[in-house]
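A short write-up of the structure that comes next.
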Amino acid sequence: MGSLYDFHIHTHYLRCANETMTVPAIARRCEALGLQTIAITDHLNGPEYLDHHLLIKDDLAALDTSLEVVFGVEVNVTDPATGAVSISPADIERAGFEIVIGGVHSCYYDRPDRRAIIELQQRLMLQVIANPLVDVLVHPWWFPGREMAPGGPMEWFQDLSELPDDYPRELGEAAVAHNTAIEANGSAIWTNAHYSQAFKDEYADYLAAIADTGARISIASDAHDIGHLPSVHLVEEVLAQRGVSGDRLWRPRAM
Ligand SMILES: [Zn+2]
Ligand SMILES: [Zn+2]
Numbered sequence: 004m005g006s007l008y009d010f011h012i013h014t015h016y017l018r019c020a021n022e023t024m025t026v027p028a029i030a031r032r033c034e035a036l037g038l039q040t041i042a043i044t045d046h047l048n049g050p051e052y053l054d055h056h057l058l059i060k061d062d063l064a065a066l067d068t069s070l071e072v073v074f075g076v077e078v079n080v081t082d083p084a085t086g087a088v089s090i091s092p093a094d095i096e097r098a099g100f101e102i103v104i105g106g107v108h109s110c111y112y113d114r115p116d117r118r119a120i121i122e123l124q125q126r127l128m129l130q131v132i133a134n135p136l137v138d139v140l141v142h143p144w145w146f147p148g149r150e151m152a153p154g155g156p157m158e159w160f161q162d163l164s165e166l167p168d169d170y171p172r173e174l175g176e177a178a179v180a181h182n183t184a185i186e187a188n189g190s191a192i193w194t195n196a197h198y199s200q201a202f203k204d205e206y207a208d209y210l211a212a213i214a215d216t217g218a219r220i221s222i223a224s225d226a227h228d229i230g231h232l233p234s235v236h237l238v239e240e241v242l243a244q245r246g247v248s249g250d251r252l253w254r255p256r257a258m
């Protein structure tokens, strides 16, 4: 039936997404895709970027659409020692963000020290999940293209075989305990050429194992170009094949 949701969308304002990602253009495309509820969640890597988010908020106030549109933000881990993220309660208050999504954006290693990298990622993800400011942990096990590329520290990461078997359960149980959702991300994983089809198949099983703990899964395109938005339908299909649909999917509390 296709996805009704996309809870991770960027705009042109922060210059990570391109010029096709204006708020009205996003709304038109999401309406055409048959979506019901979406979240605009641009990057906030420091408080100096809050003014850009206020421009997004102005666009949302002026928007005429049949969609439910949530004003959110994506934050980053800023300190791998503590798992702290790039937002404060004062930032949330000032901008009026309705949801905060966030996660890890690096392996933090220059060399392919596999065991240490995997253990650090899991610890940081658990710390983000436990952060009361964060509603959704974004793209587990996504790494930047420069880290996945030949010669990079994550070049070897072509399947999930090196993950300890209890990792998805540990993540899911933490998500349940802290009422944090776990993301299923189209652009970061399923349409990302750095990941093999074998990885994507294992990754779908990994998310299903997380959902089996009772954790909610958040469907996301992570679109940085208007052409990335349809990936939510692929994500919905992959999850539905594994029985993850309906009330196993996350929706923002206010909706
Ligand atoms: Zn991200
Ligand atoms: Zn993103």
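Take 4 as the starting number for the sequence shown in my numbering and just add one per residue.
All C-beta atoms, glycine included, are put in the ideal place defined by N, C-alpha and C.
This structure is a prediction, so every number in the text was calculated from the model and none was measured.
Point to revise | C-alpha gap between alanine 212 and serine 248, whole angstroms | key: Within the sequence shown, numbered from 1, the residue matching residue 212 stands at position 209. Within the sequence shown, numbered from 1, the residue matching residue 248 stands at position 245. Alanine 212 and serine 248: Cα-Cα distance of roughly 13 angstroms.
Review point. Can you find a heavy atom of ligand 1 that lies under 8 angstroms from the Cβ of valine 139?
Key: Against the sequence shown, residue 139 aligns to sequence position 136. False, no ligand heavy atom lies under 8 angstroms from that Cβ.
Review point. Do the stretch 226-238 and the stretch 177-197 make contact, defined as three or more Cβ pairs closer than 8 angstroms?
Key: yes
Check your understanding: Any chance the CB of histidine 13 is under 8 angstroms from a heavy atom of ligand 2?
Key -> As a position in the sequence shown, residue 13 is number 10, starting the count at 1. Yes, Cβ of histidine 13 sits closer than 8 angstroms to a heavy atom of ligand 2.
Check your understanding: Just to check, is the beta-carbon of tryptophan 145 closer than 8 angstroms to a non-hydrogen atom of ligand 1?
Key -> Position 142 of the sequence shown, counted from the first residue, corresponds to residue 145. For ligand 1, at least one heavy atom lies less than 8 angstroms from the Cβ of tryptophan 145.
Exercise for review: Quick one: using the 10 Å Cβ neighbour count with 16 as the cut-off for buried, is glutamate 96 buried or exposed?
Suggested key: Locating residue 96 in the sequence shown gives position 93, where the first residue counts as 1. Classification of glutamate 96: exposed, given that the 10 Å Cβ count is below 16.
Exercise for review: Verify the contact flag: alanine 187, CB atom, against every heavy atom of ligand 2, threshold strictly below 8 angstroms.
Suggested key: Stepping through the sequence shown from its first residue, residue 187 is reached at position 184. Checking the Cβ of alanine 187 against ligand 2 gives no.
Review point. To which residues of the same chain is leucine 7 closer than 7 angstroms at the C-beta, ignoring the five residues directly before and after it?
Key: Residue numbering aside, residue 7 sits at position 4 when the sequence shown is read from its first letter. For leucine 7, where only same-chain residues beyond five positions count, the Cβ hits under 7 angstroms are Leu38, Gln39, Thr40.
Practice item. Measure the C-alpha to C-alpha separation of tryptophan 144 and serine 109 and round it to an integer number of angstroms. Key: Indexing the sequence shown from 1 puts residue 144 at position 141. Indexing the sequence shown from 1 puts residue 109 at position 106. Approximately 9 angstroms between the Cα atoms of the pair.
Exercise for review: Please report the residue range of the beta strand (DSSP E) in which serine 221 lies.
Suggested key: The residue you call residue 221 lines up with position 218 of the sequence shown. It spans 220-223 - the beta strand (DSSP E) in which serine 221 sits, taken as one unbroken run.
Practice item. With phenylalanine 202 as the anchor, note down where its alpha helix (DSSP H) starts and where it stops. Key: Position 199 of the sequence shown, counted from the first residue, corresponds to residue 202. From DSSP, the alpha helix (DSSP H) with phenylalanine 202 extends over 200-215.
Point to revise | Identified DSSP bridge partners for glycine 75 | key: Here the question's residue 75 lines up with position 72 in the sequence shown. BP columns for glycine 75 point to Thr44, Ile102.
**Study point:** Same chain, Cβ closer than 7 angstroms to serine 89, five either side skipped, listed in chain order
**Key:** Taking the first residue of the sequence shown as 1, we reach residue 89 at position 86. Here the set comprises Leu47, Asn48, Gly49, Val78, Asn79, Thr81.
Practice item. Report yes or no: is there a C-beta of chain C within less than 9 angstroms of the C-beta of proline 27? Key: No chain C appears in the structure shown, which is made up of a single protein chain.
Check your understanding: Hey, valine 179 and alanine 207 are a contact pair by Cβ (cut 8 angstroms); roughly how many whole angstroms apart?
Key -> Numbered from 1 along the sequence shown, position 176 holds the residue referred to as residue 179. Numbered from 1 along the sequence shown, position 204 holds the residue referred to as residue 207. In fact, because the Cβ distance is near 20 angstroms, the residues do not count as touching under 8 angstroms.
Review point. Less than 9 angstroms separating the beta-carbons of arginine 32 and isoleucine 229?
Key: Counting from 1 along the sequence shown, the entry for residue 32 is found at position 29. Counting from 1 along the sequence shown, the entry for residue 229 is found at position 226. Contact flag set, yes.
**Study point:** serine 224 versus Gly154, Asp250, Thr194, Trp253, residue with shortest Cα-Cα distance
**Key:** For the purposes of this step, residue 224 is identified with residue 221 of the sequence shown, where counting begins at 1. Serine 224 has its Cα closest to that of Thr194, out of Gly154, Asp250, Thr194, Trp253.
Review point. DSSP three-state call for isoleucine 12: helix, strand or coil?
Key: Your numbering for residue 12 matches position 9 in the sequence shown. Of the three classes helix, strand and coil, the one that applies to isoleucine 12 here is strand, per DSSP.
Point to revise | glutamate 34 - DSSP class collapsed to helix/strand/coil | key: The residue given as residue 34 occupies position 31 in the sequence shown. Three-state result, glutamate 34: helix.
Review point. On the three-state DSSP scale, how would you describe leucine 232?
Key: In the sequence shown, counting from the first residue as 1, residue 232 sits at position 229. Three-state result, leucine 232: coil.
Point to revise | Classification of aspartate 250 by the beta-carbon crowding that lies within 10 angstroms, buried from 16 upward | key: In the sequence shown, residue 250 corresponds to position 247, counting from 1. Flag for aspartate 250 reads exposed.
Practice item. Could you check the C-alpha separation between valine 76 and arginine 114 for me, to the nearest Å? Key: Here residue 76 refers to the residue found at position 73 of the sequence shown. Here residue 114 refers to the residue found at position 111 of the sequence shown. So the two alpha carbons sit approximately 31 angstroms from each other.
Exercise for review: Jot down the residue ranges of each uninterrupted alpha helix (DSSP H) in the stretch 144-190, minimum 4 residues, whole runs only, in chain order.
Suggested key: 148-151, 170-181
Review point. Around ligand 2, what residues have a beta-carbon under 5 angstroms from a heavy atom of it, in chain order?
Key: Glu77, Asp225
Review point. Any heavy atom of ligand 1 closer than 8 angstroms to the Cβ of glycine 148?
Key: Taking the first residue of the sequence shown as 1, we reach residue 148 at position 145. Checking the Cβ of glycine 148 against ligand 1 gives no.
Practice item. Inspect the CB distances between the stretch 150-166 and the stretch 119-130 and report whether three or more fall short of 8 angstroms. Key: yes
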